[in-house]
Amino acid sequence: ESPGRRHSAREAVNLIRVMTRLHRSREAEKRNWWQPTVDALYLDVIAGLAHLDTAQSMHLLRAIAQGRVSRVCPSKELKKEVIPLLMTEVLREIRSLPPSTVAFALRCCVKLQYWDSDFLAGASKVFLDRMEEYPSRALASCLWALTKAGLDSKEVAEKAVLCARDRVMEMTPQDATTITWTIARARFRADALKYLTPMLSRALREERLNARDKAMLLWTIAEHSSDGLLEDPPL
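Heads up: the sequence shown begins at 451 in this note's numbering, then just goes up one per residue.
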């Protein structure tokens, strides 16, 4: 990297992506030029932000969200500046993004502790309007992220119950666990909670659940054991 050399925003994104692939080289980060170069590239991104597309913004958000894993994260103060700019670019196109991208953007909100009300409102509105199109993995990811963000929307949860009920057999146990946990937090009436029984049954038959999934299942069962959720024989 030549001192003082400026790059276009697109060139900067490409260089950041290359540097991200070098994350296994711990020696690289120890060199005194590494972090200043990373920061300079993000400054180039900010200067040419209008020339980036949503995919490039998502590449940068992924690199920042990976933090110390990718070792291509801007310094603390610069990160506070660049994250809102990238999220604003994503929000501008969010209605046209595929479900997996919307889900990833929401997971980034949680990972980066980005609780902007406009972004969360826009993303949750798109999710609510197009939920029927979302595969079970994207459905689970969006519900989890919105719950973590504190948006316990009864409207979203009620629609999610119906969408999830029709997809039980295509879910992985992990997705079933996540969806069950997030929907259960909405405190449904007892008859609606019974819709969750097939998902709980699906998850409990899996022997390879990790500790996080088991904890989420235990919380759901303990929280709703008096609501008629455990009446089915399989549980």
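Every residue, glycine too, gets a C-beta built ideally from N, C-alpha and C. It should be emphasised that the depicted structure is a prediction, and the values quoted were computed from it without experimental measurement.
Buried or exposed, going by whether 16 or more other CB atoms sit within 10 Å of the CB of residue i?
i	result
Gln506	buried
Ala555	buried
Ala661	exposed
Leu547	buried
Val468	exposed
Thr670	buried
Leu650	buried
Arg481	exposed
Leaving out five residues on either side along the sequence, give the residues of the same chain with a beta carbon under 8 angstroms from the beta carbon of residue i.
i	result
Val532	Tyr492, Val495, Ile496, Leu510, Ile514 and Pro524
His457	Leu465, Leu491 and Asp494
Ala672	none
Just to confirm before moving on: does the CB-CB distance between residue i and residue j stay below 8 angstroms?
i	j	result
Val606	Ser574	yes
Ile544	Gly572	yes
Thr504	Val540	yes
Ile629	Ala590	yes
Arg542	His501	no
Leu578	Thr632	no
Val552	Ile466	no
Leu528	Asp489	yes
Cys558	Phe569	no
Leu472	Leu499	no
Starting from the Cα of residue i, find the closest Cα among the options and give me that residue.
i	options	result
Arg635	Glu608, Arg545, Arg617 and Met619	Glu608
Ala599	Gln563, Leu667 and Glu527	Gln563
Ala614	Ala626, Ser603 and Ser546	Ala626
Val463	Trp483, Met508 and Arg481	Met508
Lys561	Ala665, Gln485 and Arg512	Arg512
Arg616	Ser603, Lys604 and Glu583	Correcting the residue identity first, residue 616 is Asp in this sequence and not Arg. Nearest C-alpha to Asp616: Glu583.
Short of 6 angstroms in beta carbon distance, which residues of its chain neighbour residue i, apart from the five on each side in sequence? Order them along the chain.
i	result
Arg620	Sequence check: residue 620 is Glu here, not Arg. Excluding sequence neighbours, Glu620 sits near Ser586.
Pro648	Val618
Met581	Lys609 and Cys613
Output needed for residue i: all residues of its chain with C-beta closer than 7 angstroms, excluding positions within five of it in sequence on either side, in chain order.
i	result
Ser550	Ala588
Thr597	Thr632 and Arg635
Lys530	none
Ala665	none
Val576	Ile544, Arg545 and Val552
Gln485	Ser525
Leu601	Leu570 and Ser574
Met537	Tyr564, Asp566 and Phe569
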